[in-house]
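Peer 1: Numbering (our numbering), first residue to last: 224 to 764.
Pasting a structure here, questions to come.
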């Protein structure tokens, strides 16, 4: 690797790490954000608001891909991702200074959502530019290795966010952190923005784009050429359904859903979760480069499809083991405490609410939703027409189960054996030293490490694959849209969709069906339709 090539990789990767850091601060700081921007004391509503705001950033990523992908194919890779970086940094900094609901009322959550939308638009243009830029500097036969450094950035951005948050939590009181300390990670983005712009200004334009510009072979209408003709649109559809959709759900299941599962479902405290997940991410990160390099030797397709298959087959046993290690009393209670809900089917509606905008008032819906938010299993049985909802906990009737959103049912379940948050049986470590001294914590690190390995298998080769699928004249546009539909919609909506499935079924593990089904769909489509691309010469495309 030449000095110039190292410079390209370092500058592109550093800037992209900071963009992911900015974008992923929302989930680790969900409780603090909700407390500042959402009124009331309904914790479930607050959590769903944060999931919705997180998903909103993903929802607009494909639009950012269209806008900035077109610009990147028209004026160049370098200047486009300078613009996206600036938008991301400023939007993140604004979250840090945004007044809360107590100060400006409803304008606070609206402004926060707007910042998330800007972040999503920026990220929609950033990744495709960085991946294309690095790939177009890479020598033939090493694109998987070169672009794998860009693939590290998403996970390392999450690791950086967790490290900064943990550092602040350890250096100040809980009261100070909740009052103002949680804003510091957002404010730091302005410093990271300045450094990122400086380092990227040192770069020259991509040689492939420069050659195309000198030859006058640029596309005059990248969007039309990329998606308005069937030959190119077909490639984009295959890239999405046979590649990025499954890659996305494995990526988010192995990192973000694992984080949410630990904190929201298993009631593990934030510090313990961040320590364990950060260590697992640190251990797993080098494997992005390993699998990227492996794809240069055996192909992009075998590595990607193997990751999809092993993840889909492993999720249920792995997440069950995670639950058993982190909160054993909860797993025992799901088997020993039987909660039966009997109600007129006409009064029990669908609880599918992936973006948290529905209002539930029926007693049957309130009871089920409350039980799901407190990680309690239940069985729903049909009752007589017009009969009120009735709940039994281990065969004993619960009086007035619909009042106060099922609080009586929850109390009865706690009395029967379900653990409350803070129970002594739930795993808790408050320092890195304590983590290494606790066998349960180390076991959990190992389980999360396996999830991260699946992530590296599917994500390591995906950038090189997408770059090689599209010709230079429409590459930025062509690869960005399927990547961001896959990761922005299929992946980004995983947390709220999985939570909605759990609420609807009453089983804390049922949300895993979403990533499993999508991963298997992508495995089958990719096996049949996805071409192998590792030997393509992108300079001739």
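Glycine residues also receive a C-beta, built at the ideal position from the N, C-alpha and C atoms.
If you're wondering where the values come from, they're calculated on a predicted model, not measured in any experiment.
(1) Please name the residue or residues paired with residue 296 in a DSSP beta bridge.
(2) CA-CA distance, residue 319 and residue 249?
(3) Taking only the alpha-carbon atoms, compute the straight-line gap between residue 428 and residue 669 and give it to the nearest angstrom.
(4) How is residue 614 classed by DSSP in three states: helix, strand or coil?
(5) Please report how far the alpha carbon of residue 275 lies from the alpha carbon of residue 714, in whole angstroms.
(6) Please name the residue, chosen from 730, 696, 415, that lies closest to residue 440 on a Cα-to-Cα basis.
(7) Quick check: what's the CA-CA separation for residue 233 versus residue 745?
(8) If you run the structure through DSSP and keep just helix, strand and coil, what is residue 566?
(9) Among 705, 529, 490, which has the Cα closest to the Cα of residue 596?
(10) Express the C-alpha separation of residue 444 and residue 400 in angstroms, rounding to a whole number.
(11) Determine the closest residue to residue 500 out of 552, 423, 676, 520, with distance taken between C-alpha atoms.
(12) By Cβ distance, which residues of its chain are closer than 7 Å to residue 463, with the 5 residues on each side in sequence left out?
(13) Chain C beta carbons: is any one of them nearer than 8 Å to that of residue 534?
(14) Do residue 527 and residue 466 come within 8 Å of each other at the CB atom, strictly closer than that value?
(15) Report buried or exposed for residue 545, applying the criterion of at least 16 other Cβ atoms within 10 angstroms of its Cβ.
(16) Among 655, 661, 587, 609, which one has its Cα closest to the Cα of residue 630?
(17) Run through DSSP, which three-state label would residue 620 get?
(18) Nearest CA to the CA of residue 733: which residue from 720, 475, 612?
(19) When the Cα atoms are used, what is the spatial distance from residue 326 to residue 263?
(20) Rounded to whole angstroms, what is the Cα-Cα separation between residue 395 and residue 758?
(21) Using DSSP bridges, identify the partner residues of residue 602.
(22) Could you tell me which of 656, 291, 321 sits nearest to residue 351, measuring between CA atoms?
(23) Straight-line CA distance for residue 421 to residue 387?
(24) Could you pull out every residue in the same chain whose Cβ sits closer than 8 Å to the Cβ of residue 737, ignoring the five residues on either side in sequence?
(25) Taking the alpha-carbon of residue 390 as reference, which of 557, 237, 402, 655 has the nearest alpha-carbon?
(26) Out of 699, 703, 752, 684, which one is the CA nearest neighbour of residue 364?
(27) Using the beta-carbon count (16 or more within 10 Å), is residue 620 buried or exposed?
(28) Could you give the uninterrupted runs of the alpha helix (DSSP H) lying entirely in the region 309-364, keeping only those of 4 residues or more?
(29) Can you name the start and end residues of the alpha helix (DSSP H) that residue 538 belongs to?
(30) In whole angstroms, what is the alpha-carbon distance linking residue 623 and residue 557?
(31) With a Cβ-Cβ cutoff of 8 Å, do residue 547 and residue 604 count as a contact?
(32) Return the chain-ordered list of same chain residues with a C-beta closer than 6 Å to the C-beta of residue 634, the five sequence neighbours on each side being excluded.
(33) Do you know offhand how far residue 379's Cα is from residue 415's?
(34) Kindly indicate which residue of 355, 279, 573, 551 has the alpha-carbon position closest to the one of residue 691.
(35) What are the boundary residues of the alpha helix (DSSP H) that residue 765 is part of?
(36) Is the distance from the Cβ of residue 682 to the Cβ of residue 470 below 8 Å?
Peer 2: Let me spell this out:
(1) Under the DSSP definition of a beta bridge, residue 296 lacks any partner.
(2) Taking the Cα positions, residue 319 is about 11 Å away from residue 249.
(3) Each residue's alpha carbon lies about 42 Å from the other.
(4) In the structure shown, residue 614 sits in a strand (DSSP, three-state: E or B).
(5) Residue 275 and residue 714: Cα-Cα distance of roughly 13 Å.
(6) Out of 730, 696, 415, 696 has the C-alpha closest to the C-alpha of residue 440.
(7) In a straight line, the C-alpha of residue 233 is about 32 Å away from that of residue 745.
(8) Strand, per DSSP.
(9) It is 490 whose Cα lies nearest to the Cα of residue 596.
(10) Here the C-alpha atom of residue 400 lies approximately 50 Å from the C-alpha atom of residue 444.
(11) Out of 552, 423, 676, 520, the CA that lies nearest to the CA of residue 500 is found in 676.
(12) Correct list, in chain order: 705, 708, 709.
(13) The question asks about chain C, but that chain is absent: this structure has only one protein chain.
(14) In this structure, residue 527 lies closer than 8 Å to residue 466 by Cβ.
(15) By the 10 Å Cβ count, residue 545 comes out buried.
(16) It is 587 whose Cα lies nearest to the Cα of residue 630.
(17) Residue state, collapsed to three classes: strand.
(18) Minimum Cα distance to residue 733 is reached at 720.
(19) Distance between the alpha carbons of residue 326 and residue 263 is about 14 Å.
(20) Rounded to the nearest whole angstrom, the C-alpha separation of residue 395 and residue 758 is 53 Å.
(21) Looking at the DSSP assignment, residue 602 forms a beta bridge with 563.
(22) 291 is the residue among 656, 291, 321 whose C-alpha sits nearest the C-alpha of residue 351.
(23) Going from the Cα of residue 421 to the Cα of residue 387 covers about 22 Å.
(24) So the qualifying residues of the chain are 472, 717, 720, 721, 724.
(25) Check the Cα spacing between residue 390 and each of 557, 237, 402, 655: the tightest is with 655.
(26) Nearest of 699, 703, 752, 684 to residue 364, Cα basis: 684.
(27) It is exposed - the Cβ of residue 620 has fewer than 16 other Cβ atoms within 10 Å.
(28) If we require 4 residues or more, the alpha helix (DSSP H) runs fully inside the region 309-364 come out as 324-327, 330-358.
(29) 523-549 is the extent of the alpha helix (DSSP H) around residue 538.
(30) For residue 623 and residue 557, the gap between their C-alpha atoms comes out near 23 Å.
(31) No, the Cβ-Cβ distance between residue 547 and residue 604 is not below 8 Å.
(32) Within the same chain, no residue comes within 6 Å of residue 634 by CB-CB distance, once the 5 residues on both sides are set aside.
(33) Here the alpha carbons of residue 415 and residue 379 stand approximately 14 Å from one another.
(34) Comparing Cα positions, the closest option is 355.
(35) Any answer about residue 765 is impossible in this case: the structure gives the chain only from 224 up to 764.
(36) It is a contact, given that the beta carbons lie within the stated cut-off.
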